[in-house]
Amino acid sequence: MVECSRQNVRKHLEKNAPDMPSPAHLGNPALWHLAEIGPWLIANTPLRIPRETLEVAREAMRINLDLTRQRLESLPPLPEQEESWETPRTAHG
1 MVECSRQNVR KHLEKNAPDM PSPAHLGNPA LWHLAEIGPW LIANTPLRIP
51 RETLEVAREA MRINLDLTRQ RLESLPPLPE QEESWETPRT AHG
């Protein structure tokens, strides 16, 4: 996609870490949405990503956000009784 190794991309990310977009997932490894990190890579590194790839990345991100919004809207309502939020008591406690 950017015509270099994953390790080379990571090197650019680590070198420019203070001003880069936040990862979408703070795991090991951290993951970014290409729609967010792509323009930053183009502006801050010698790496290049085709415009068509970034357009697809934006559309994929939009679709994922729409699906997440649908999942959120389909969640059941929260219980109204405060007792339901209490931690269940154990026999020992």
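full-length UniProt numbering puts the sequence shown at residues 1 to 93.
C-beta: ideal position from N, C-alpha, C; glycine also.
Inset, instruction - Starting from the C-beta of Val56, find all residues in its chain whose C-beta is less than 6 Å away, skip the five residues before and the five after it, and write them out in chain order. - result: Residue numbering aside, residue 56 sits at position 56 when the sequence shown is read from its first letter. Hits under 6 Å: none found.
Inset, instruction - Taking the CB atoms as reference points, tell me whether Met61 and His33 lie closer together than 7 Å. - result: Stepping through the sequence shown from its first residue, residue 61 is reached at position 61. Stepping through the sequence shown from its first residue, residue 33 is reached at position 33. A contact, by the Cβ cut-off of 7 Å.
Inset, instruction - Report the partner residues of Leu31 according to the DSSP bridge assignment. - result: As a first step, residue 31 must be located in the sequence shown, where it is residue number 31. His25.
Inset, instruction - Decide if Leu78 is buried, meaning its Cβ has at least 16 other Cβ atoms within 10 Å, or exposed. - result: Here residue 78 is taken as the residue at index 78 of the sequence shown, counted from 1. That one is exposed.
Legend entry - Beta-carbon spacing of Pro21, Ala30 below 7 Å: Counting from 1 along the sequence shown, the entry for residue 21 is found at position 21. Counting from 1 along the sequence shown, the entry for residue 30 is found at position 30. No, these two residues do not count as a Cβ contact at 7 Å.
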